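Numbering (our numbering), first residue to last: -16 to 170.
Below, the structure is given as structure tokens:
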């Protein structure tokens, strides 16, 4: 059993901050990918996806139960290994594609939130999630993007204990907004 990421994996000492793109109203969240990632093994892809989740947790540690565990792991003798081991255990049964997809949806939300609001993107609030879903619909985002985002929230709630998700899950307007987008999907 090999512990930690493969030797070619990127290691983040400090998560990169999203960067405001002066040429547009977008906020760009750095991607954690390597060139030629089609040739990467499943373990390497999973290590990259876990780094994306690490970024999310480190940006908003108080927004989820696991955030406190990550902060504690960062006090270890070798914090990078401790955090990677912790997240590796949490996501042990998850496929790399699932981790990547769910993290990507959350990072898109975080980028939108930073470009439109001054407060923290996480934990989530039902009113702001609904505003985001309306934004996606108005911008003619992919039909499944709203439902994928709600799936990402449910995933983060189940895996990390992300706060605020229960109210979003119970919100008929959030579920309805994602559904109306999905129903416009071209077969």
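Just so it is clear, CB atoms sit at the ideal spot from N, CA and C, and this is done for glycine as well.
These figures come from a predicted structure and were not determined experimentally.
_C-alpha gap between residue 146 and residue 71, whole angstroms_ = 21 Å
*Where residue 25 falls, given that 16 or more other Cβ within 10 Å makes a residue buried*: exposed
*DSSP state of residue 145, grouped into three classes?*
strand
*For the candidate residues 111, 68, 136, whose alpha-carbon lies nearest to that of residue 89?*
136
_Checking 9 Å against the spacing of the C-beta atoms, do residue 245 and residue 47 come in under that value?_
An answer regarding residue 245 cannot be provided, because it is not within the stretch -16 to 170 covered by the chain.
*Between which two residues does the alpha helix (DSSP H) harbouring residue 37 extend?*
25 to 42
*Extent of the continuous alpha helix (DSSP H) run through residue 118*: 109 to 121
*Just checking my contact of residue 161 with residue 129 at CB under 8 Å: how many whole Å lie between their CB atoms?*
4 Å
*Would you report the Cα separation of residue 151 and residue 67, rounded to the nearest angstrom?*
29 Å
*asked:* Here's a check: name, in chain order, each residue in its chain whose Cβ is nearer than 6 Å to the Cβ of residue 50, leaving out the five neighbours to either side.
replied: 40, 44
*Quick one: Cα of residue 86 to Cα of residue 33, how far?*
9 Å
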